[in-house]
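Residue 94 is where the sequence shown starts when you use this note's numbering, and the numbers rise one by one after that.
Heads up, the beta-carbon is just placed ideally off N, CA and C, and yes, glycines get one too.
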Amino acid sequence: MVHKNQSVFIPASTKHRLENPGRLPLEIIEVQNGDYLGEDDIVRFEDIYGRA
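See the structure below:
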């Protein structure tokens with residue numbers, strides 16, 4: 094569980110997804126680093142919600 098003012102590091106090529114169990118809207122700030130910051134390296138996997 095990530096709380097207010099906390100962060101999490103997700104290594105490259107790691108499958109992950111997000112859930113908001115709280116009642117307040119969730120705000121995400123994504124920070125990328127490295128030599129390449131493009132969006133064309135995103136890989137989407139099938140999930141129980143049909144998103145791929």
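- In this structure residue 138 does not touch residue 97 by the C-beta definition: roughly 29 Å separates them, more than the 8 Å allowed.
- Distance check between residue 94 and each of 119, 135 and 106 places 119 closest, using alpha-carbon atoms only.
- Approximately 18 Å separates the beta-carbon atoms of residue 134 and residue 110; this is outside 8 Å, ruling out the contact.
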